[in-house]
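Novice: One structure, as structure tokens, below. Some questions next.
In the working numbering, the protein residues as written are 14 to 146.
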């Protein structure tokens, strides 16, 4: 195997991969920024995906939650035909800690009612696979 670990993972040791998970109710809306938004504000999940893309965040995933609850709310279950406004959603962003903290700071107003959890990721060590000895 050639190349250093930081080259393989795409990150220098001081720039470790970090995950930011944003938890919020499915019915959450982003603030109105355009005239038409005053009639119907955009869904927060779709808005955050779009701004993460524009901010060049490495990866963004909107997880489907089958069952769960947010602090102070009742347990809810996902149903394909009925979407509960308080059913939890989770948007996960992956990038460096520095870039994710900058993203949170830049979008602090939109994230004030969002529960944010930051995880430092440990990447598995590269190996040649089973039976390589």
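The beta-carbon is built from N, C-alpha and C at its ideal position, and this holds for glycine as well.
1. Could you give the C-beta distance for residue 131 and residue 35, rounded to a whole number, given that I count them as a contact under 8 angstroms?
2. Which two residues bound the contiguous beta strand (DSSP E) that contains residue 72?
3. Please list, in chain order, all residues of the same chain as residue 38 whose beta carbon is under 8 angstroms from its beta carbon, the five residues on each side excluded.
4. With a cut-off of 8 angstroms on the beta carbons, I'd call residue 30 and residue 136 a contact; round off their distance for me.
5. Runs of 3 residues minimum, wholly inside the region 104-141: which ones carry the beta strand (DSSP E) assignment?
6. Measure the Cβ-Cβ separation of residue 65 and residue 73 and say whether it is below 7 angstroms.
7. I'd like the list of long-range same chain contacts for residue 127, defined as Cβ closer than 6 angstroms, with 5 residues on each side in sequence excluded.
8. Tell me the rounded alpha-carbon separation between residue 40 and residue 129.
9. I need the straight-line Cα distance from residue 92 to residue 134, nearest angstrom please.
Specialist: Taking the structure as given:
1. Their Cβ separation, rounded to whole angstroms, is 10 angstroms, which puts residue 131 and residue 35 out of contact at 8 angstroms.
2. 72-76
3. 83, 86, 98, 99, 100, 101 and 102
4. 6 angstroms
5. 128-133
6. yes
7. 35 and 37
8. Their Cα atoms are separated by approximately 17 angstroms.
9. 32 angstroms
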